[in-house]
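See structure below.
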């Protein structure tokens, strides 16, 4: 059983990698846009330092490091948010979705593996670039176990939302609201570009429900070399619970959506 | 000659119907279809466009849930959406836009072969075998998007053969094929029928059904609540012939 799933997973990863590599200009432009955005943050960080805002004293790291960590961790997880939905959409556009489903594998497994392969490729590129860019700027991130656990749990949580989103895109076809809401709001409330503490109190309360605002403090604490405290444990517990709930709900929504399209006959519509 | 010995019912359709709801209106896609196919047998679903042939194949493939009736495929009721039944089926629902156009013919076959449970040497030999059978070798390293329509049709049939399925569901398998392509596909199908594989094939050309024991004629259902006398559904037995004209 496990060997069979691994064989399937390999089939999807190989297919995604070969397809990704066949679009050379896309690969190059992806690299270029990430480097440009990193340089932008470098200059924004310099402006913040020049303004003498006391950001570093307040937060314990430069703005450039703060924003780069936020964008990298959020980017890694965001690829999980969009990968499943994009995988379904791509298969529908290519006309291969029905052929995949008729292969006799569970649709949930197929969507999961299709999205996972996209995530692995997407995250591999993001992580590779992040390491490259951070080393260019002489920024080193001390990777701690708790930081890795936070990123893994955060990715799982977001992937669960991505699975639900993949189910909903089968029904709505365009304008799927879940990933849009999560993507837009976690950028605003998750502490990606600025600390959550500068938000009004009522928005800080809203930010608390976003896994982003629990994952990033743990990673940044690792960067600062801060000792693990009760806050870290609380963040990790929140991420663990949210990952479990999110993945379960994601598979449930995906299963219901598959059943819905079997009834309505809209499996191949997009 | 078909495989001798005990035959197993592979497909059982009993009064199967499918309708869709579009803006509150009921649209009938298929009405009261009944037929059975045993191992080694071939059935052709014949009818004009809109008669429900592809709908029937999609129901058998588990891609659609029937609205009425009972459809059992490889011992599983398709209403329950059992993937296990689908793993015993080789499906070709048309060649156009069903491949990864950026990948080569071999890569496409390898991907779908893995989905069918093949791996390692078994996968390679299965690909080589179907490629030889359907004369796809010259195109194995060509991107699927660059294949001619006829070669794409043969590739779609080759993909359905991977994994030695118990049942083949082929939608217009001879579409876009020249005389040689048609003969190759016919011979390949016939070999599988002799090995005990069952076939349900949709076509709108009577001549393409000549190697099928049963021909089920479908007429487009009328989407009104009163059963129309114009709706006819017949099943007849014909003497099977092998090969294409």
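Residue numbers (the working numbering), protein chains in the order written: chain D, 581 to 850; chain G, 1359 to 1603.
For each residue, glycine too, the CB sits at the ideal point set by N, CA and C.
query	result
Below 9 Å on C-beta distance, what does residue 675/D contact in chain G?	1452, 1454, 1455, 1456, 1457
Less than 8 Å between the C-beta atoms of residue 595/D and residue 697/D, yes or no?	yes
Run down chain G in chain order and give the residues with a C-beta less than 8 Å from the C-beta of residue 595/D.	1458, 1461, 1465, 1469
Looking at the unbroken beta strand (DSSP E) that takes in residue 1465/G, where does it start and where does it end?	Careful: residue 1465/G lies outside any beta strand (DSSP E), inside the alpha helix (DSSP H) at 1463-1473.
Apply the 10 Å Cβ neighbour rule to residue 711/D and answer buried if 16 or more other Cβ atoms are within range, or exposed otherwise.	exposed
Against chain D, with Cβ distances strictly below 8 Å, would residue 1552/G count as a contact?	no
Could you tell me whether any Cβ in chain G is nearer than 8 Å to the Cβ of residue 758/D?	no
With DSSP collapsed to three states, give me the class of residue 1373/G.	strand
What is the rounded straight-line gap between the Cα of residue 1522/G and the Cα of residue 816/D?	49 Å
Are the region 738-752 of chain D and the region 827-840 of chain D touching, with three or more C-beta to C-beta distances below 8 Å?	yes
Residue 718/D versus chain G: which residues are under 9 Å apart at the beta carbon?	The premise fails here: residue 718/D is roughly 39 Å from chain G at the closest Cβ pair, so nothing lies under 9 Å.
If you measure from the beta carbon of residue 1423/G to each beta carbon in chain B, is any gap under 8 Å?	No chain B appears in the structure shown, which is made up of the protein chains D and G.
Going along chain G in order, which residues have a C-beta closer than 8 Å to the C-beta of residue 584/D?	1475
Along the chain, which unbroken stretches of the alpha helix (DSSP H) at least 4 residues long are found entirely within the region 617-662 of chain D?	635-639
When you compare only the Cα positions, how much space is there between residue 809/D and residue 784/D?	21 Å
Which of helix, strand or coil does DSSP assign to residue 1392/G?	strand
Who are the near neighbours of residue 1476/G in its chain, counting only those whose CB is closer than 7 Å to its CB and skipping five residues on each side?	1484, 1520, 1521
Buried or exposed for residue 777/D, please, with buried defined as at least 16 other CB atoms from any protein chain shown within 10 angstroms of its CB.	exposed
Pull up the distance between the alpha-carbon of residue 1572/G and that of residue 1491/G, whole angstroms please.	26 Å
Whole angstroms is fine: what's the gap from residue 1551/G's alpha carbon to residue 752/D's?	42 Å
Alpha carbon to alpha carbon, how far is residue 1504/G from residue 644/D?	47 Å
Going by the CB atoms, is the gap between residue 653/D and residue 795/D shorter than 8 Å?	yes
Where does the unbroken alpha helix (DSSP H) through residue 841/D begin, and where does it stop?	810-844
Report the CB separation of residue 1404/G from residue 1374/G in whole angstroms; it is logged as a contact under 8 Å.	No, residue 1404/G and residue 1374/G are not in contact; Cβ-Cβ is about 17 Å, not under 8 Å.
Does the structure place the region 651-666 of chain D close enough to the region 684-695 of chain D that three or more beta carbon pairs sit under 8 Å?	yes
Taking the alpha carbon of residue 1421/G as the point to measure from, which residue in 583/D, 679/D, 584/D has its own alpha carbon closest?	679/D
Can you give me the C-alpha to C-alpha distance between residue 1594/G and residue 1574/G, rounded to a whole angstrom?	With a pLDDT of 44 at residue 1594/G, under the threshold of 50, the modelled position of that residue is not reliable, and the figure given next carries that caveat. Going from the Cα of residue 1594/G to the Cα of residue 1574/G covers about 7 Å.
May I ask you to report which of helix, strand or coil DSSP gives residue 1559/G?	strand
With H, G and I counted as helix, E and B as strand and the rest as coil, what does DSSP make of residue 674/D?	helix
Rounded to the nearest angstrom, what separates residue 1538/G and residue 1548/G at their Cα positions?	15 Å
Report the residues of the region 1405-1429 of chain G with a CB closer than 9 Å to any CB of chain D, ordered along the chain.	1413, 1416, 1419, 1420, 1421, 1422, 1423, 1425
What do you reckon, are the CB atoms on residue 771/D and residue 792/D nearer than 8 Å?	yes
Comparing the C-beta of residue 802/D with each C-beta of chain G, is any distance below 8 Å?	no
Determine the contact status of residue 1452/G and residue 1530/G, defining contact as a CB-CB distance below 8 Å.	yes
Are there 16 or more other CB atoms within 10 angstroms of the CB of residue 1466/G, so buried, or fewer, so exposed?	buried
Just the Cα atoms here: how many angstroms apart are residue 845/D and residue 1429/G?	16 Å
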